[in-house]
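In terms of the numbering used here, the sequence shown opens at residue 174 and continues consecutively.
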Amino acid sequence: MFAFSTEKVVEIMQDKGFEIKKENNSYICRRPHARKIVFEEAPDGHKFRIGRWDYKDPEVAINQALTF
């Protein structure tokens, strides 16, 4: 796994149909028929949160959000 820039993560999310809203230091990603993903920059990359679960890879987080 490798680190993505925040801009690249936003691009990946938008390509998958998520609308992104920046609030403070977090980005809230929403899409119809998918769980909400909140991601933020962390010292070792990005942290993606879906409910109470944390993920490091945006693709894994997106797949989990779409299969709720």
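For each residue, glycine too, the CB sits at the ideal point set by N, CA and C. Values in this document were obtained by computation on a predicted structure and should not be read as measured data.
Buried or exposed by the 16-neighbour rule on C-beta atoms within 10 Å, applied to residue i
| i | result |
| --- | --- |
| P231 | buried |
| H219 | buried |
| A215 | exposed |
| V233 | exposed |
Residue i (DSSP reduced to helix, strand or coil)
| i | result |
| --- | --- |
| A207 | coil |
| K181 | helix |
| D230 | coil |
Residues near residue i by beta carbon distance below 6 Å, same chain, minus five either side
| i | result |
| --- | --- |
| Q237 | I223 |
Inter-residue spacing [alpha-carbon to alpha-carbon] between residue i and residue j
| i | j | result |
| --- | --- | --- |
| E184 | W226 | 22 Å |
| K194 | S178 | 17 Å |
| F212 | T240 | 18 Å |
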